[in-house]
Amino acid sequence: MKKSKLINIISSTMLLIVIISTALTVSAQTGINAPGGITPRPVVMRVHHTMQSDWVTVLGFARNSWNNQGFGNLFDKNNFPLHVTLGYGFVNGYNDITLWNRGVNSYIMQVNIVSRGVVNGKSTIFEIDMDINTSHNWFVDRTLTKPVPTDAVDFHTATIHELGHVLGLYHNTNTQRVSPMFGALRFGESRRNIHSDDKTALGKIY
Ligand SMILES: [Zn+2]
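Position 15 of the sequence shown, counting from 1, maps to 44 under the numbering used here, and the rest follow consecutively.
Shown next, in the form of structure tokens:
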């Protein structure tokens, strides 16, 4: 694969269980997918029991980034509960992160909004699952000190991005590629700082 290949981080695949009454909002900045956000909060994400500890640690950094935006602990700050669920997007009342070897031509990570509905007139997420394609050459650095190798995909950036979707955010259309909510990630690239656009969008929800 060429190193310059653009990898789509991905598209929220939505299985609509309840009709969404509010149109998808994609502004020139960070869009909002679910104006009602996610409930209940703080959000508990479960990780597959085979996930390596370094991965879980970096996932925790991504979670903390969103918790530190001034809107309280949107995510539960305790240790991630483990799960043994096989199969991505399984509607079970839990927000599960799965690991699957899907090949390098498939997405790098994806979220599946498996349950949506309307609360106080706003579309709201009730369950969301995240799938990580383990086929890619993930860069996982729990020391937060090393640059992303040019042939690797930054796990930290990708997890911040997907957790943004969990909170109801959509992609940032800023072409300067500065927000972690921008919809694509290249090899060797990282965007780990929550952008002011992201924070503005978050403030409209929470
Ligand atoms: Zn995305």
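Don't be surprised by glycine CBs; every beta carbon is placed ideally from N, CA and C.
Drop a sphere of 10 angstroms on the beta-carbon of asparagine 201, count the other beta-carbons inside from all chains shown, and report buried for 16 or more, exposed for fewer. Position 172 of the sequence shown, counted from the first residue, corresponds to residue 201. It is buried - the Cβ of asparagine 201 has at least 16 other Cβ atoms within 10 Å.
Does the beta carbon of glycine 212 fall short of 6 Å from some heavy atom of ligand 1? Looking up residue 212 in the sequence shown gives position 183. Yes, the Cβ of glycine 212 comes within 6 Å of a heavy atom of ligand 1.
When DSSP builds the beta bridges, which residues end up paired with phenylalanine 119? In the sequence shown, residue 119 corresponds to position 90, counting from 1. For phenylalanine 119, which the question treats as bridged, DSSP gives no partner whatsoever.
For methionine 30, which residues from the same chain have a beta carbon less than 7 Å from its beta carbon, with the 5 sequence-adjacent residues on both sides left out? One-based indexing of the sequence shown puts residue 30 at position 1. Model confidence at methionine 30 stands at a pLDDT of 32, short of 50, so the residue's coordinates are unreliable and nothing is read from them.
Run of the alpha helix (DSSP H) containing aspartate 227, from where it starts to where it stops: Taking the first residue of the sequence shown as 1, we reach residue 227 at position 198. Note, aspartate 227: alpha helix (DSSP H), 225-234.
Which residue wins for smallest C-alpha separation from alanine 181, given the options Leu214, Val195, Pro209? For the purposes of this step, residue 181 is identified with residue 152 of the sequence shown, where counting begins at 1. With distances taken between Cα atoms, alanine 181 lies closest to Leu214.
Where histidine 194 sits in the DSSP three-state scheme: On the sequence shown, position 165 is the one that residue 194 refers to. Note: histidine 194 maps to helix in three-state DSSP.
Going by DSSP, what residue range makes up the alpha helix (DSSP H) through phenylalanine 104? Working through the sequence shown from its first residue, we reach residue 104 at position 75. It is not in any alpha helix (DSSP H) - phenylalanine 104 carries neither H nor E in the DSSP assignment.
Does the distance from the CB of serine 208 to the CB of valine 177 come in under 7 Å? Residue mapping note: residue 208 aligns to position 179 of the sequence shown, counting from 1. Residue mapping note: residue 177 aligns to position 148 of the sequence shown, counting from 1. In this structure, valine 177 does not lie closer than 7 Å to serine 208 by Cβ.
Using the Cα positions of threonine 179 and phenylalanine 90, report the straight-line distance between them to the nearest angstrom. Taking the sequence shown and counting its residues from 1, the one referred to as residue 179 is at position 150. Taking the sequence shown and counting its residues from 1, the one referred to as residue 90 is at position 61. Spanning the two alpha carbons is a distance of roughly 22 Å.
Any contact of the region 188-204 with the region 67-84, i.e. 3+ C-beta pairs under 8 Å? yes
Tyrosine 235 to glycine 101 span [Cα, whole Å]: In the sequence shown, the residue the question calls residue 235 occupies position 206. In the sequence shown, the residue the question calls residue 101 occupies position 72. Using only the alpha carbons, I get a separation of about 9 Å.
Going by the beta-carbon positions, is the gap between aspartate 158 and asparagine 130 smaller than 7 Å? For this step, residue 158 is matched to residue 129 along the sequence shown. For this step, residue 130 is matched to residue 101 along the sequence shown. No; because the gap between Cβ atoms is not below 7 Å, this pair is not in contact.
Inter-residue Cα distance where the pair is aspartate 227 and threonine 59: Stepping through the sequence shown from its first residue, residue 227 is reached at position 198. Stepping through the sequence shown from its first residue, residue 59 is reached at position 30. C-alpha separation (whole angstroms): 6 Å.
Let me check understanding here. Comparing Cα to Cα, which of Val169, Gly122, Ala63, Tyr117 lies closest to valine 73? Along the sequence shown, one-based indexing puts residue 73 at 44. If we check each option's Cα against that of valine 73, Gly122 comes out closest.
Could you tell me if threonine 127 is buried or exposed, where buried requires 16 or more neighbouring beta carbons within 10 angstroms of its beta carbon? Here residue 127 is taken as the residue at index 98 of the sequence shown, counted from 1. Classification for threonine 127: buried.
Indicate whether asparagine 96 and phenylalanine 109 have their beta-carbon atoms separated by less than 7 Å. Indexing the sequence shown from 1 puts residue 96 at position 67. Indexing the sequence shown from 1 puts residue 109 at position 80. Cβ distance not < 7 Å, so asparagine 96 and phenylalanine 109 don't count as in contact.
With a CB to CB cut of under 8 Å and the five nearest residues on each side skipped, what residues in its chain are close to lysine 233? Position 204 of the sequence shown, counting from 1, holds the residue named residue 233. Closer than 8 Å at the Cβ level, and outside the excluded window around lysine 233, lie Ile61, Pro64.
Any heavy atom of ligand 2 closer than 6 Å to the beta-carbon of valine 207? Summarising the ligand content, the structure contains ligand 1 and does not contain ligand 2.
Which same chain residues end up closer than 7 Å to valine 148 when comparing Cβ atoms and leaving out the 5 residues on each side of it in sequence? By one-based count along the sequence shown, residue 148 stands at place 119. Result list for valine 148: Gly65, Thr68, in chain order.
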